[in-house]
Amino acid sequence: MSANKESWGSRVGLILAMAGNAVGLGNFLRFPVQAVQNGGGAFIIPYLICFLVMGIPLLWIEWSMGRFGGKYGHHSTPFIVDTMGKSRLWKYIGVFGIWTNIAVASYYCYLESWTLSYVFHSVVGTFSDLDQEGVSNFFNTYVSLGKSTFGIPYEPIVFFVGCLLLNTWILSKGLASGVERVAKIGMPLLIFFGIFLAFKGVTIEAGENGASFDSAVGLNFLWTPNFEELWSPTVWLAAAGQIFFTLSVGMGTVQCYASYVRSRDDIALNAMSAGWMNEFVEVVLGGAILIPISIGYLGVDRVTELVQSGGLGLGFRTLPYLFYQWGDFLGALAGFMWFGLLFFAGITSSLAMGTPWIGFLQDEFGWRRKSAAWSFGVIVLVLGMPTVLFFKYGVFDEYDYWAGTVSLVVFALCESILFAWVFGMGNGWREITSGADINVPGFYRFIIKFITPLLLIWVFLGSLFTPLNNDWGKAFAGNWVLDNGSIIKKIMNSGLKEQLAAATDPAQIEMLQDTMFFVNASRILLLGVWLTLALLVYIAYKKRVREGRI
Amino acid sequence: MNTAALVVMLTTLMLVTGLMLYFFWRVISAPPKPEPDSFLNNDEEDGRRNRKPQ
Chain S
7 MSANKESWGS RVGLILAMAG NAVGLGNFLR FPVQAVQNGG GAFIIPYLIC FLVMGIPLLW
67 IEWSMGRFGG KYGHHSTPFI VDTMGKSRLW KYIGVFGIWT NIAVASYYCY LESWTLSYVF
127 HSVVGTFSDL DQEGVSNFFN TYVSLGKSTF GIPYEPIVFF VGCLLLNTWI LSKGLASGVE
187 RVAKIGMPLL IFFGIFLAFK GVTIEAGENG ASFDSAVGLN FLWTPNFEEL WSPTVWLAAA
247 GQIFFTLSVG MGTVQCYASY VRSRDDIALN AMSAGWMNEF VEVVLGGAIL IPISIGYLGV
307 DRVTELVQSG GLGLGFRTLP YLFYQWGDFL GALAGFMWFG LLFFAGITSS LAMGTPWIGF
367 LQDEFGWRRK SAAWSFGVIV LVLGMPTVLF FKYGVFDEYD YWAGTVSLVV FALCESILFA
427 WVFGMGNGWR EITSGADINV PGFYRFIIKF ITPLLLIWVF LGSLFTPLNN DWGKAFAGNW
487 VLDNGSIIKK IMNSGLKEQL AAATDPAQIE MLQDTMFFVN ASRILLLGVW LTLALLVYIA
547 YKKRVREGRI
Chain P
113 MNTAALVVML TTLMLVTGLM LYFFWRVISA PPKPEPDSFL NNDEEDGRRN RKPQ
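So the protein lines, in turn, are chains S and P. Those letters in the first sequence? Residues 7 to 556, by the working numbering. Those letters in the second sequence? Residues 113 to 166, by the working numbering.
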C-alpha cells in the first residue's frame, strides 16, 4: 500500500506552490529575450493566443489528470496515465514524467546554485570594484571552477551541494510543511523584489547614474510591434515554445501536485489562478527588468548583440555591473534582490521536480518521505556533477535540450492525445468541471480535443524538421534543408561535425573532439536513466499484480 | 515611448494584471468545500470539524 498520506495545508498555499512550480528563471531571462528576437510587441499576440489555446488547456488537462490519479492513490505520472488508458504501454510514456524532472533538476539545481552564490557575492560587494569585463570574467572563472573571491576551493561545487542539500531537506519535510511553506515565503518575496527592480527598470533617465538612455528606449525596443513578424511560423513556434517552458507543462509536476487534491475540490479555478500568476510574473515583471535596464546603459545595438547568446549572459555577466551604476548600496541591494528573485524562482521549481520521484517511491515501494527525498538528492548529485565538472563541454546544454526541451513536447503531446482521445473528451470534461468554482467555457471542449493536440504536433514537427535559419518560406517553396538546431540534426551532431571539419587549430580540434565525446556520453547517461526508471515501473507493475492491486 | 509600443504594453499589462487579480480574488472569496477537503489548515476551524462529506 502507498505510504503517501500527505495533503496541502491551504488552497492559497497550493496555488502559490503551483505558481512557484511554473515561475522559473526563464520568466526573467528567457521571455524578454524571446520577445525582442521575435517581433517585439507583436510577439505578445501569438504568445497570449498560445497561452489561451495551448497553455490553459494543458493546465486543465494536467490538473485533472493529477486529481483523477490521486483518487486511486497515484502520485506520479506512470500510474496516473495507466489508469486513464487501457494499453499497458501508457505507463512507460508516464516514465517521462519522472525522468524529465530528475534530469532537469540535475542541471537546474546547478543553475540555482549560481543564483545563491551571486546573492552572497552581491551582499559582500564582490562586483563593486569590477568593471563590465571583470564581472563577465568572474562568471567565466566561476563556471570553469576557477578560484573565486570567497577563496573556497571548487566554490561552484560547494554551492551546488549546498543548494541540493537545502532542496532535499525541504522536500523531506513534506508537502505542507516543506514545499508549501517555501512557496508561501518565496513567491511574495519574489513578487516584491520583482516590483522593486521593475520600478527601477522603468524609471531610468539618460544622464543619471551613468545611464545613456531613458527606459523608454528599452521599452520601445521590447514593445514596439512589428506586425510583419505575425505571419512568420518561427515567431509562432517561439511563442508556443515559451508558453510550454514557462508553465512547466509536460513535466509531470503539475499532475503530481494536483494528485493531492480531493475529487470534490476545484481544479479549474486553481489552474487559472496559478497560470495567470505565472503570466503576471513573466510579462509584467520579467518584461520590465532585464531589457530596459540593459538598454538604458548599453544601448540597443550592444544588447541586440548580447541577446544572441540568450538571457543567461545578460543576467549574470552584465546586470551585476549595471546595478553598481546606482551606487554601492543600491548596487548591492539590487544584486541581492535580482539573484534572490532568481533563487526563489528556481527553488520553487526544483522542489516541484523532486515530488514525482518521491511520490513514486512512496506509492509503489512504501518508502517514507524522508528516505525518498534523500534518494532524490543523491540521484541529482550523481547526475548533476557532470554538468558542473564538464560544463564547458556542453553537458549542461545537452541535459537542457533533451530533458528540458524535447521531452516536454513529447510528453505533453502524448498526454493531450491520451486525455482527449483515449480517456475520452466526455470523461475529461467531467474531470475538469467537477467541483469547479468557475464556469469553464464550453468551447474549450473543442479546443482541448482538436486545437491543443494539433498545435503540439505542429510544435513537435517544427522542432524535428526545423528548416535552415528558420526560413520557412524557403522550406515551403521546396528547398527544405534542415537546420543544425533541428532534432534530427542534433541527433546526428551535425553542427559539431561541421565545426570539427572547419577547425585547423589543434587545440580547437581537441576541444571539439572532447565536446563530441561528452555530448554522446551525456545522451547515453540520460538514456540509461530513462531505461532504469522504465524498469522500476515494470517492477512496480509486477508487484501490483502480485498484490492483486491490478 | 512611441504610441504603438505604449498601447501594446499598457493593454497587455492591464489585461494580465487584471486577470491575475480577478482569478486570485475568486479563489480567496470562494466558500470552502465541506470536509473532508484537500486542505489541512482549515480542519480545526469552527463548524467544519464534524461536517460529514455530502
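All C-beta atoms, glycine included, are put in the ideal place defined by N, C-alpha and C. Source: prediction; values computed, not measured.
Tell me which same chain residues have a C-beta within less than 6 Å of the C-beta of residue i, skipping the five on either side of it?
i	result
S/Ala-277	Leu-65, Trp-66 and Trp-69
S/Tyr-327	Gln-138 and Val-141
S/Ser-413	Phe-102 and Thr-106
S/Phe-425	Ile-67 and Gly-434
S/Ser-119	Phe-165, Phe-166 and Cys-169
S/Leu-31	Leu-348, Ala-351 and Gly-352
Between the Cα of residue i and the Cα atoms of the options, which residue gives the shortest distance?
i	options	result
S/Gly-293	S/Gly-47, S/Gly-157, S/Val-384 and S/Thr-411	S/Gly-47
S/Ser-178	S/Thr-439, S/Phe-227 and S/Gly-360	S/Gly-360
S/Arg-17	S/Leu-171, S/Ile-273, S/Ser-128 and S/Trp-408	S/Ile-273
S/Gly-224	S/Thr-458, S/Ser-150 and S/Ser-300	S/Ser-300
S/Ile-62	S/Phe-205, S/Gly-281, S/Val-543 and S/Met-257	S/Gly-281
S/Ile-210	S/Val-465, S/Thr-458, S/Ser-528 and S/Gly-302	S/Gly-302
S/Val-384	S/Leu-419, S/Phe-74, S/Gly-168 and S/Leu-253	S/Gly-168
S/Trp-380	S/Trp-242, S/Ala-540, S/Asn-33 and S/Leu-172	S/Leu-172
S/Gly-103	S/Gly-365, S/Leu-328, S/Ser-93 and S/Phe-449	S/Gly-365
S/Leu-195	S/Phe-345, S/Val-39 and S/Met-60	S/Phe-345
S/Met-90	S/Met-71, S/Arg-323 and S/His-81	S/Met-71
S/Leu-58	S/Leu-395, S/Leu-539, S/Arg-451 and S/Thr-439	S/Arg-451
S/Val-388	S/Cys-420, S/Ile-163 and S/Thr-252	S/Ile-163
S/Thr-538	S/Asn-499, S/Ala-109 and S/Leu-312	S/Ala-109
S/Ala-409	S/Val-535, S/Val-87 and S/Trp-237	S/Val-535
S/Met-522	S/Ser-500, S/Phe-342 and S/Leu-336	S/Ser-500
S/Val-39	S/His-127, S/Asn-143, S/Gly-317 and S/Thr-174	S/Gly-317
S/Gly-157	S/Thr-132, S/Arg-552 and S/Gln-519	S/Thr-132
S/Ser-422	S/Glu-186, S/Val-87 and S/Arg-187	S/Val-87
S/Ser-236	S/Ile-50, S/Asp-511 and S/Gly-430	Looking at the sequence itself, residue 236 of chain S is Leu, so the reference to Ser does not match. When each option's Cα is compared against that of S/Leu-236, the closest is S/Ile-50.
Does the beta carbon of residue i come closer than 8 Å to any beta carbon on chain P?
i	result
S/Ser-279	yes
S/Leu-225	yes
S/Met-283	yes
S/Arg-270	yes
S/Tyr-399	no
S/Leu-231	Note on residue identity: the sequence assigns Pro, not Leu, to residue 231 of chain S. Yes - at least one Cβ of chain P is within 8 Å of the one on S/Pro-231.
S/Val-18	yes
S/Asn-33	no
S/Ile-444	yes
S/Ser-1	Residue 1 of chain S is absent from the structure shown; chain S starts at 7 and stops at 556.
S/Ala-426	no
S/Ala-222	yes
S/Ile-21	yes
Going by DSSP, name the residue or residues bridged to residue i.
i	result
S/Gly-46	S/Pro-231
S/Trp-14	P/Phe-151
S/Pro-52	Paired residue(s): none; S/Pro-52 is not in a bridge.
S/Pro-473	S/Leu-488
Show which residues of chain P have a CB atom less than 8 Å away from the CB atom of residue i.
i	result
S/Gly-79	Simply none; closest approach about 15 Å.
S/Val-289	Thr-124, Leu-125 and Val-128
S/Phe-286	Val-128, Thr-129 and Met-132
S/Ile-50	Val-120 and Thr-124
Just to make sure I have the definition right: I need the residues of chain P whose C-beta is within less than 9 Å of the C-beta of residue i. Which are they?
i	result
S/Gly-47	Ala-116, Ala-117, Val-119, Val-120, Met-121 and Thr-124
S/Leu-275	Phe-135, Arg-138, Val-139 and Ala-142
Leaving out the 5 sequence neighbours to the left and right, which residues in its chain are closer than 7 Å to residue i when beta-carbon positions are compared?
i	result
S/Trp-242	Pro-52
S/Phe-219	Ala-212, Ile-301, Gly-302 and Gly-305
S/Ala-25	Met-193, Ala-280, Met-283 and Asn-284
Kindly list the residues whose CB is nearer than 8 Å to the CB of residue i, restricted to its own chain and excluding five residues on each side of it in sequence; keep chain order.
i	result
S/Tyr-160	Leu-151
P/Met-121	Met-113
S/Lys-376	Ser-178
S/Ile-21	Asn-276, Ser-279, Ala-280 and Met-283
Step through the CB atoms of chain S and report whether any lies within less than 8 Å of the CB of residue i.
i	result
P/Lys-164	With a pLDDT of 48 at P/Lys-164, under the threshold of 50, the predicted position of this residue should be treated as unreliable, and no value is reported.
Which residues in chain P sit within 7 Å of residue i, going by Cβ to Cβ distance?
i	result
S/Tyr-266	Ser-150
Could one say the Cβ of residue i lies closer than 8 Å to chain A's Cβ atoms, at least one of them?
i	result
S/Ala-182	Protein chains S and P are contained in the structure displayed, whereas chain A is not.
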